[in-house]
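S.K.: If you scroll down you'll find the structure; I have some questions about it.
In our numbering, the protein residues as written are 169 to 679.
Written as structure tokens, this is what we have:
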């Protein structure tokens with residue numbers, strides 16, 4: 169007999185329809201043949217399936233079993249084919265019958281005793297199932313809440329192969345898993361950190377507010393212990409709440425790599441990623457023989473924090489240049505190309521010199537000028553050009569540390585950010601961009617016009633600081649955001665002057 173079931177495979181973070189065809193035919197010696205471009209994990213599924221069938225009380229057919237995963241040219245990976253293959257073998261061997269196979273897709277890995285294990289990328293698979301027009305999807309219980317994010321789909325949670333068989337055979341009614349998206353947002357959208365915990369550093373908080381308002385990349389330079397990491401970790405708390413679309417985009421990435429926290433089926437807070445400086449190129453931007461997302465995609469719609477920036481391998485940093493500009497990263501392999509999202513705010517931190525105390529009046533710096541120059545030259549000019557805001561974070565004085573007056577809170581900073589974001593939404597309603605940092609040369613000419621004093625200041629700054637064309641545009645974008653924070657339609661001289669002051673590393677003061 170021939171059995172057909174619907175399932176999905178994951179390529180990158182996207183799910184594609186796969187039809188599982190199982191043909192069981194008499195033969196003197198039992199044999200299982202699996203075709204359809206399976207990877208090692210899928211090929212090994214025949215052994216898991218065989219023992220899961222026997223240990224669940226079913227018979228392993230003593231016949232020839234041919235399993236085809238169509239379309240044949242699409243690579244198949246992961247162990248999520250175990251459950252549909254098992255059901256196909258049972259139907260093909262006449263051990264069960266069902267009239268629900270064309271209504272439900274099936275996804276799930278099996279343990280040897282027949283229990284289900286969670287699969288990666290179930291959210292993307294549920295979205296693909298909804299697009300394919302199926303009535304529902306059968307998934308392991310651990311994945312049910314994640315799949316239920318797709319509200320137009322009936323999600324059936326099963327704990328074992330036996331339970332799945334009973335459901336398809338009509339012997340067991342299983343209530344669909346309800347979707348509680350609003351409840352999950354309320355439960356998981358709370359941050360533990362707050363900017364009021366940071367004493368002093370009000371100028372840095374101002375620059376961070378501008379960065380969050382316009383989605384600008386920012387670099388903080390200061391001695392060890394000045395609060396750079398504390399400031400960076402709190403940036404997500406002042407960004408607007410994730411929209412449903414942003415939440416699903418981010419959740420798909422985390423689901424595809426199996427990084428969703430247990431009991432949290434949906435990302436409701438902005439991600440904050442802080443990779444170690446020994447990270448490889450593939451770990452940062454993604455890669456592998458079968459491409460998987462890297463840290464820049466894990467930080468999609470959130471913050472990527474690179475602490476001790478000069479300690480990163482220079483080549484590793486250089487591969488970020490294109491993703492920072494485009495908001496996506498494409499990994500090309502012989503079989504296919506995969507595109508991952510990387511729309512993020514880059515936050516970098518570094519010391520002013522190898523010892524870290526060049527700008528600290530309380531500590532002596534023993535670094536020679538050549539040492540400082542070599543240290544700072546580890547960061548390329550093209551990468552610095554892609555960072556809109558450069559600020560100094562000086563050591564905090566004791567008076568500020570001991571003060572009982574709370575610092576500026578995340579709530580007040582977020583209110584300012586939201587005011588500027590509303591301005592940008594109105595401005596870019598007819599454009600395919602969302603934030604000032606995404607403006608191209610054409611939109612800059614339209615929305616960043618300067619008056620005569622502003623043009624004179626810009627001209628002198630370009631000539632004296634040696635700003636590149638890209639840095640010139642960065643200054644205008646930042647000035648536009650500062651004007652939005654002031655709810656000003658035009659960029660005034662003070663807005664432009666503040667934006668120019670945020671190009672600290674263009675001034676040659678640390679060489």
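Think of the CB as a built atom: it goes at the ideal place given N, C-alpha and C, for glycine as much as any other residue.
Can residue 222 and residue 216 be called in contact, C-beta distance under 8 Å?
M.R.: Taking 8 Å as the Cβ cut-off, residue 222 and residue 216 do not qualify as a contacting pair.
S.K.: In whole angstroms, give me the CA-to-CA distance for residue 539 and residue 396.
M.R.: Their Cα atoms are separated by approximately 23 Å.
S.K.: CB-CB under 7 Å to residue 480, same chain, minus the five flanking residues each way: which ones, in chain order?
M.R.: Closer than 7 Å at Cβ, skipping near neighbours: 445, 474.
S.K.: Three-state secondary structure (DSSP) at residue 507?
M.R.: Correct three-state label for residue 507: strand.
S.K.: Mapping the DSSP letters down to three states, classify residue 658 as helix, strand or coil.
M.R.: Correct three-state label for residue 658: coil.
S.K.: What's the C-alpha gap between residue 592 and residue 455?
M.R.: Spanning the two alpha carbons is a distance of roughly 34 Å.
S.K.: In or out: residue 288 buried (at least 16 other Cβ within 10 Å) or exposed?
M.R.: Classification for residue 288: buried.
S.K.: What would DSSP say about residue 401, mapped onto helix, strand or coil?
M.R.: Looking at residue 401 - three-state DSSP - the assignment turns out to be helix.
S.K.: Among the candidates 214, 524, 667, 663, whose CA atom is the shortest distance from the CA of residue 477?
M.R.: Residue 477 has its Cα closest to that of 524, out of 214, 524, 667, 663.
S.K.: Under the DSSP definition of a beta bridge, which residues are partnered with residue 190?
M.R.: Its beta-bridge partners are 171, 235.
S.K.: For the alpha helix (DSSP H) containing residue 422, list its first residue and its last residue.
M.R.: Run containing residue 422: 412–424, per the alpha helix (DSSP H) assignment.
S.K.: If you follow the alpha helix (DSSP H) that residue 377 is in, where does it begin and where does it stop?
M.R.: Element bounds for residue 377: 370–382.
S.K.: Using DSSP's beta-bridge definition, name the partner residues of residue 500.
M.R.: Bridge partners of residue 500: 505.
S.K.: Roughly how many angstroms separate the alpha carbons of residue 645 and residue 307, rounded to a whole number?
M.R.: Distance between the alpha carbons of residue 645 and residue 307 is about 47 Å.
S.K.: Does the beta-carbon of residue 332 have 16 or more other beta-carbons within 10 angstroms, so that it is buried, or is it exposed?
M.R.: The residue is buried, with at least 16 neighbouring Cβ atoms inside 10 Å.
S.K.: Here's the rule I'm using: 16 or more other beta-carbon atoms within 10 Å means buried, otherwise exposed. How should residue 303 be labelled?
M.R.: Its Cβ having fewer than 16 others within 10 Å, residue 303 is exposed.
S.K.: The beta strand (DSSP E) that contains residue 705, what's its start and end?
M.R.: The question about residue 705 has no answer here: the residues shown for the chain are numbered 169 through 679.
S.K.: Can you tell me which residues form a DSSP beta bridge with residue 206?
M.R.: 244.
S.K.: Excluding five sequence neighbours on each side, which residues of the same chain lie with their C-beta closer than 7 Å to the C-beta of residue 526?
M.R.: Counting only Cβ-Cβ distances below 7 Å, and skipping sequence neighbours, we find 520, 533, 535, 540.
S.K.: According to DSSP, is residue 679 part of a helix, a strand, or is it coil?
M.R.: Note on residue 679: pLDDT 44, under 50, position unreliable in the model; the coordinate value appears next. Of the three classes helix, strand and coil, the one that applies to residue 679 here is coil, per DSSP.
S.K.: With DSSP run on the structure shown, which of helix, strand or coil describes residue 441?
M.R.: DSSP places residue 441 in strand when its eight states are reduced to three.
S.K.: Taking the C-alpha atoms as reference points, what is the distance between residue 370 and residue 376?
M.R.: The alpha-carbon atoms of residue 370 and residue 376 are separated by roughly 10 Å.
S.K.: Can you tell me which of the three DSSP states residue 732 falls into?
M.R.: There is simply no residue 732 to check, as the chain begins at 169 and stops at 679 in what is shown.
S.K.: On the DSSP letters alone, give me the boundaries of the beta strand (DSSP E) that residue 473 sits inside.
M.R.: It spans 471–474 - the beta strand (DSSP E) in which residue 473 sits, taken as one unbroken run.
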